[in-house]
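Just so we're aligned, residue 2 is where the sequence shown starts under the working numbering, counting upward by one. For every residue, glycine included, the Cβ atom is placed at its ideal position computed from N, Cα and C. Predicted model only: the values in this text are computed from it and were never measured.
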Amino acid sequence: MLSFVFRRFISMVVTLWLIITLTFFLMHAVPGSPFEKDGKGLNEAVAANLNAYYNLDKPLLVQYGLYLKQLVQFDLGPSIANSSDTVNKMIARGFPVSFQLGIVAILFAVVTGIALGVVAALRHNRLIDYFAMVVAVIGISVPSFVVASLLIKYLAVEWKLLPTATWGTWAHVIMPALALAFSPIAIIARLTRTNMLEVLTQDFIETARAKGLSPATIVFKHALRNAILPVVTLLGTLIANVLTGSFVIEKIFAIPGMGKYFVAGINNRDYSVIMGTTVFYSALLIFMIFVVDVLYGIIDPRIKFHGKESQG
Numbered sequence: 002m003l004s005f006v007f008r009r010f011i012s013m014v015v016t017l018w019l020i021i022t023l024t025f026f027l028m029h030a031v032p033g034s035p036f037e038k039d040g041k042g043l044n045e046a047v048a049a050n051l052n053a054y055y056n057l058d059k060p061l062l063v064q065y066g067l068y069l070k071q072l073v074q075f076d077l078g079p080s081i082a083n084s085s086d087t088v089n090k091m092i093a094r095g096f097p098v099s100f101q102l103g104i105v106a107i108l109f110a111v112v113t114g115i116a117l118g119v120v121a122a123l124r125h126n127r128l129i130d131y132f133a134m135v136v137a138v139i140g141i142s143v144p145s146f147v148v149a150s151l152l153i154k155y156l157a158v159e160w161k162l163l164p165t166a167t168w169g170t171w172a173h174v175i176m177p178a179l180a181l182a183f184s185p186i187a188i189i190a191r192l193t194r195t196n197m198l199e200v201l202t203q204d205f206i207e208t209a210r211a212k213g214l215s216p217a218t219i220v221f222k223h224a225l226r227n228a229i230l231p232v233v234t235l236l237g238t239l240i241a242n243v244l245t246g247s248f249v250i251e252k253i254f255a256i257p258g259m260g261k262y263f264v265a266g267i268n269n270r271d272y273s274v275i276m277g278t279t280v281f282y283s284a285l286l287i288f289m290i291f292v293v294d295v296l297y298g299i300i301d302p303r304i305k306f307h308g309k310e311s312q313g
């Protein structure tokens, strides 16, 4: 187990370094300057002073080295668009909001998706099965911003059940969480249904039935535990999709999360904000994938961590 954790940690560090490097050089390859507004630049002397202050007058490799040195000290730098603010403070303000929204969306997606998948498998080729698959197809096909617009139109504007936008109470969480969770619900439901149908035909399920075990025990203790493994593997990717997708949803619902700063950073070509939010989310998502790998082994005791690879 310790060997597995060490190898995964090294892999995480290398992956994060590659993301940082690619983002840094691609961002600087884009034409323009953070000191240009509507195509108009600042006075040459002022621009030169600002470039020197933010180390933008140095060769690109020197800037890269300085950024890595700063990053090792957990300093994401000052915002170029707002010199009185730092990226660390922006993340401290915005991430709790984004995390709250993301965790509600993920929990709702996992619970609802697994429930739909299990019910659809147990009622195979019946009305509930067809209904679940129709929901799944719609969820995969319709983008989250379209779902968000429909939720606002009906739940907020026409039926006045929920507040239209902003943030503050749990009522403000419901619509953006539903918009974020809709696609993951569809993916989890389809995957759970497919795996449940396969597991329910296995010999050990027939043995459990022959022993006289209750249907609930067979479904939840034996079938679901095996069918859910692919869903656990997919969680890392789903979390990534939900968190990055929340940038758009946060903008639609005027939520003061990380998306607000990321979108503003792109519009202002604020290098520090773009790099800081990218590095922070990349580190978070890589760590979540690592946690999923460990959970996979805990859920399935047949998987052992040793040697150069996991053996089942």
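T113 sits in a helix when the DSSP states are folded into three classes. Runs of the beta strand (DSSP E) lying entirely within the stretch 51-108, each at least 3 residues long, are absent. Rounded to whole angstroms, the gap between the alpha carbons of L225 and A149 is 32 Å. Between P35 and I81, the CB-CB gap stays under 8 Å. For A30, the uninterrupted alpha helix (DSSP H) segment begins and ends at 3-30. Looking at the backbone, the Cα of W18 and that of Y68 are separated by about 12 Å. Judged by DSSP secondary structure, Y131 falls within the alpha helix (DSSP H) whose first and last residues are 128-142.
With a threshold of 16 other beta carbon atoms within 10 Å, G169 falls short and is exposed. Here I188 is not near I256, since their CB atoms are 8 Å or more apart. DSSP, read as helix, strand or coil, puts L163 in coil. Following the DSSP letters along the chain, one finds K154 in no alpha helix (DSSP H), marked with neither H nor E.
In its chain, beyond the 5 residues on either side, V120, A121 have a beta carbon closer than 8 Å to the beta carbon of I129. Taking a C-beta distance under 8 Å as the contact criterion, A110 and A228 do not qualify as a contact pair.
A residue is called buried once 16 or more other Cβ atoms fall within 10 Å of its Cβ, and A133 is buried on that count. W160 and G118 have their alpha carbons spaced roughly 30 Å apart. The stretch 214-258 contains, as complete alpha helix (DSSP H) runs of 4+ residues, the segments 225-228, 230-253 (chain order). Of D294, V292, N269, the smallest CA-CA separation from N83 is found for N269. Rounded to whole angstroms, N242 and P177 show a C-alpha spacing of 14 Å. Just measuring C-alpha positions, the residue of P144, N89, L156 sitting nearest Q74 is N89.
Note on G66: under 16 other CB atoms within 10 angstroms of its CB, so exposed under the neighbour-count rule. Sequence-distant Cβ neighbours of G33 in its own chain, meaning closer than 7 Å and more than five residues away, are R270.
For E37, there is no enclosing alpha helix (DSSP H), as DSSP marks it with neither H nor E. Residue environment for Y282: buried (at least 16 other C-beta atoms within 10 angstroms of its C-beta). Rounded to the nearest angstrom, the gap between the Cα atoms of E37 and P79 is 18 Å. Closest by C-alpha distance to T279, out of L57, T113, G266, is G266.
Taking C-beta atoms under 8 Å as the contact rule, L77 and S273 qualify, at a distance of about 7 Å.
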